[in-house]
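Q:
Chains as they are written, first to last, in this note's numbering: chain A, 28 to 453; chain B, 49 to 552.
Structure below.
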């Protein structure tokens, strides 16, 4: 399942129409598509014949869900998420205060979008991303950093420069290592717009740029999906999306320990006590990591523990593991030493957490912190080490959350999967 | 000055007196009698101190996780006419380890223009601050103080490296992590003697092993002293004590005393984070080193006695003094004793040999066993013990000459001039050969007497005791002489050195 999100900094640039066009183009290519209406106006929902309140409003109002927020049109599922006017600001505020509501929303949303769909296309309202930035607790499962984002603007100079500023802010917050596109819609001079995009592409480092000319036939669009005209550029975008992705975007989950469904949306990052973040080998994923850390920092006080060789600073609250520890992890003689070292490290971590409130401990990374002794089986020693470490920490500070970053060289991370509550691949 | 410290000091020297009275034989040899008993008392006190420190050191541990260190660091590398390539290699290591935490100052006192120009241009290219003094006032301590006077307030910490000591990556992360506590004045990290290309060098490394692995570990948080290199200081404290002490040739010990008596603490983190320590390769170089160290420590007796150190700190420093006393003048008494008795028939001690053998023998066996058990976590073992003992006999003339120099109130020890060729190899061990001949003669005489003359059980016992000592000393001196004459290996390829480091 891939998530494609359209967004813009202002209304009237044609986001909803583009969403519908892309959905049609993808459906034509045999993909199962679901649309999520996250626009305050509820335009797409209206076209799909949904006249009841959106999912968010229904959940917040405590109504029994009867499926009136979902409808199908021409084989495309449409889910009305927002679309009830400006009340969503208050709704989000209520979600923040009542965790049960959030859990219900996550569960409903996840089941609706994940059952067999290849593409989830989100029509995000102008200022929706803004809201997401301000409310990280809601953002991760709605708009995971792994989604493909498309920023839409018209060809006015001010709109373009404002969009660039916006992209930089958002992509800095998300992960620039994932692809995103910039799209100039309703271009009056196509050539000129393509030139502008060429420059812009270098500036914001976008994966893809698109310019779509002004389409007069859209003025006569009646609201019937089958009558929606097609655009060559959107067809090309659909081709691009169905071709194998440039960046592998996968999550895998510790199915042995926890039911898969819970983590499909990545919400485990925000609820679970112990998380294994699997980073691609060769120092990749550091930007993704920074973005996950930024998000986690809203959850509590972030405490980063790393070894001396990692020079990059991730966070201001950083601790270094002594070079002596490096010798200790090679000196292990038997499994007893592993327990001892794990407890010792646990003790040390607890000591530095003494005055921290709701701490989130981030350990970077497994290869530099875990045991590396020829004494015993590699997998066993690592599992026992981290199991002991986690148990020791969580028994003493139950409110604690622990994140271990594991660089996935020689498949060293996989065996650790079932020691942690959730596993997320960066 | 503290009364209890002085009392303890006096007690060590007075303690033998009653034993002397009880065992005095020939009055002309009362000095030898006293010397032997003082040596016994000194070794007992030394061993007590050693064992207590070993036990204490086992309990000391440092945190494994610490906040990312902050504060700018200045690094001083004092040098004087050293091989420029070695200096440059060391500067490179320091630069790599230091990263962007501060600046390196090369304190060059060299007098040779070709060395000066090479170092100067290297420093210019690499952004290392080059400081040259024309006069060598105060030698190394003077150079450090000169550098200290040039530092502005931006530097919170000061690291010092000799040119033959190269920090590994992680040195600063480790050392700087311990400065959270404002009481910490300096952190010492030991050097790793990797350049052991001769038997003497190997022995010198073994000799350091109990000191670096046990004594210094046990002295952490109390009296761990600056080893002259591989330490990071808090600049504020250094300025408070008026910089490094210049009028003692081992400025490291003297400066440490000043820091400790002000109530600051020092740490000793025993992690292999410095490499390429150059150990003296031949006897001449070894003598120069031991002579310097001994002389410097003898000079420190005054400061130690006058200091306001707490008793336990005093005990540690005083044990250091006793060590040099034991390995210098007191060893002379021990070597003289069997010769005097067996060759000259001097009755300097009169006591029941059985009682002596039981009392001293059991003490000796216990202490050797405890000692070996205390070094079992190091690469020491029985081989190390033999090397260690032997090399201390080799050091004896150098230490003794330092004692004489200090007694004569000289400012510097007697000069030992290294010579080229066979003289360099043989000359320094001539005293040992002489002593060896006397010891073997004495032992032979003793054995001869035992076989053909003596029947009185007391006399037989006395001869056996003395023959034992003559052979004991002779064995280690012979091993030492063999070590001194063994060839020096060529420089090893780097891979061999790194293998040894990984073994460590």
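Don't be surprised by glycine CBs; every beta carbon is placed ideally from N, CA and C.
Is the Cβ of residue 262/A closer than 7 Å to any Cβ of chain B?
A: Judged by the 7 Å Cβ criterion, residue 262/A is not in contact with chain B.
Q: Any beta-carbon of chain A closer than 7 Å to the one on residue 113/B?
A: So, interface residue.
Q: To the nearest angstrom, how far is the alpha carbon of residue 185/A from that of residue 261/A?
A: Each residue's alpha carbon lies about 24 Å from the other.
Q: Is residue 217/A closer than 7 Å to residue 240/A when the C-beta atoms are compared?
A: Yes, Cβ-Cβ distance for residue 240/A and residue 217/A is below 7 Å.
Q: Does the Cβ of residue 293/A have 16 or more other Cβ atoms within 10 Å, making it buried, or fewer, making it exposed?
A: Low confidence applies to residue 293/A: its pLDDT is 49, below 50, so where it sits in the model is not reliable, and the reading given next is rough at best. By the 10 Å Cβ count, residue 293/A comes out buried.
Q: If you drop the 5 nearest sequence neighbours on each side, which residues of the same chain put their C-beta closer than 8 Å to that of residue 538/B?
A: 245, listed in sequence order.
Q: Is there a C-beta anywhere in chain B that falls below 7 Å from the one on residue 352/A?
A: Residue 352/A counts as touching chain B.
Q: Enumerated in chain order, which unbroken segments of the beta strand (DSSP E) with a length of 3 residues or greater are wholly contained in the stretch 242-311 of chain B?
A: Fully enclosed beta strand (DSSP E) runs of 3 or longer: 279-282.
Q: Run the CB neighbour count on residue 553/B, radius 10 Å, all protein chains shown included, and call it buried at 16 or more, exposed below.
A: This structure cannot speak to residue 553/B, because chain B is shown only from 49 to 552.
Q: How far does the alpha helix (DSSP H) with residue 194/B in it reach, from first residue to last?
A: Taken as a continuous stretch (DSSP letters only), the alpha helix (DSSP H) holding residue 194/B covers 187-198.
Q: Where residue 145/A and residue 60/A are concerned, what is the direct C-alpha to C-alpha distance, given to the nearest angstrom?
A: Roughly 6 Å between the two C-alpha positions.
Q: Listing by chain order, which chain A residues have their CB less than 7 Å from the CB of residue 222/B?
A: Correct list: 349, 350 and 351.
Q: Please report the distance separating the alpha-carbon of residue 56/B from that of residue 69/B.
A: Cα to Cα, the separation comes out at about 21 Å.
Q: Can you tell which of 126/A, 385/A and 48/A has its C-alpha closest to the C-alpha of residue 101/A?
A: Cα-wise, what sits closest to residue 101/A is 48/A.
Q: Quick one: which chain A residues come within Cβ less than 8 Å of residue 321/B?
A: Those are 350, listed as they occur along chain A.
Q: Quick check: the Cα distance between residue 363/A and residue 231/B, rounded to an integer number of angstroms?
A: Each residue's alpha carbon lies about 36 Å from the other.
Q: So, is residue 115/B buried or exposed, given that buried needs 16 or more other C-beta atoms within 10 angstroms?
A: So residue 115/B counts as exposed.
Q: Which stretch, first to last residue, makes up the beta strand (DSSP E) that contains residue 423/B?
A: It is not in any beta strand (DSSP E) - residue 423/B carries neither H nor E in the DSSP assignment.
Q: So, using beta-carbon positions, are residue 390/A and residue 431/A closer together than 7 Å?
A: Yes, these two residues count as a Cβ contact at 7 Å.
Q: Determine the chain A residues that contact residue 225/B at a beta-carbon separation under 8 Å, and present them in chain order.
A: In chain order: 347 and 349.
Q: Give the residues of chain A in contact with residue 429/B, contact being defined as C-beta atoms less than 7 Å apart.
A: Within 7 Å Cβ-Cβ: nothing; residue 429/B doesn't reach chain A, min ~19 Å.
Q: Report the three-state DSSP secondary structure of residue 213/A (helix, strand or coil).
A: Residue 213/A: strand per DSSP, three-state reduction.
Q: Below 6 Å CB to CB, which residues in the same chain sit around residue 239/B once its five sequence neighbours on both sides are set aside?
A: Counting only Cβ-Cβ distances below 6 Å, and skipping sequence neighbours, we find 213, 278, 322 and 325.
Q: Determine, using beta-carbon pairs with one atom in the stretch 496-510 of chain B and one in the stretch 518-530 of chain B, whether at least three such pairs fall under 8 Å.
A: The stretch 496-510 of chain B is not in contact with the stretch 518-530 of chain B.
Q: Taking C-beta pairs closer than 8 Å, name the residues in chain B that residue 417/A reaches, listed in chain order.
A: Within 8 Å Cβ-Cβ: nothing; residue 417/A doesn't reach chain B, min ~16 Å.
Q: Note down, one range per segment and in chain order, each beta strand (DSSP E) of at least 3 residues found wholly within the stretch 410-449 of chain B.
A: Runs of the beta strand (DSSP E) inside the stretch 410-449 of chain B: none found.
Q: Decide if residue 401/A is buried, meaning its Cβ has at least 16 other Cβ atoms within 10 Å, or exposed.
A: Answer is exposed; the Cβ neighbour count stays below 16.
Q: Just to confirm, are residue 113/B and residue 375/A a CB contact at a threshold of 7 Å?
A: Yes, these two residues count as a Cβ contact at 7 Å.
Q: 7 Å is my cut-off, CB to CB: does residue 375/A come that close to chain B?
A: Chain B, which has a Cβ nearer than 7 Å to the Cβ of residue 375/A, makes this yes.
Q: Residue 66/B: buried (16+ other C-beta within 10 angstroms of its C-beta) or exposed?
A: Burial call: exposed.
Q: Thinking just about the alpha-carbon of each residue, which of 64/B, 420/B, 189/B and 285/B is nearest to the one in residue 313/B?
A: The candidate whose alpha carbon is nearest that of residue 313/B is 285/B.
Q: For residue 415/B and residue 90/B, I'd like the C-alpha separation in whole angstroms.
A: Going by the C-alpha atoms only, they are around 13 Å apart.
Q: For the stretch 192-218 of chain B, list every residue whose C-beta sits within 9 Å of some C-beta in chain A, in sequence order.
A: So the close ones are 216, 217 and 218.
Q: Could you tell me how far apart the beta carbons of residue 270/B and residue 361/B are, in whole angstroms, since I believe they sit closer than 8 Å?
A: Indeed they touch by this definition, with Cβ atoms about 6 Å apart.
Q: Run down chain B in chain order and give the residues with a C-beta less than 8 Å from the C-beta of residue 332/A.
A: Chain B residues near residue 332/A: 113.
Q: Have a look at residue 290/B and residue 511/B and give me their C-alpha separation to the nearest angstrom.
A: Taking the straight line from one Cα to the other gives about 56 Å.
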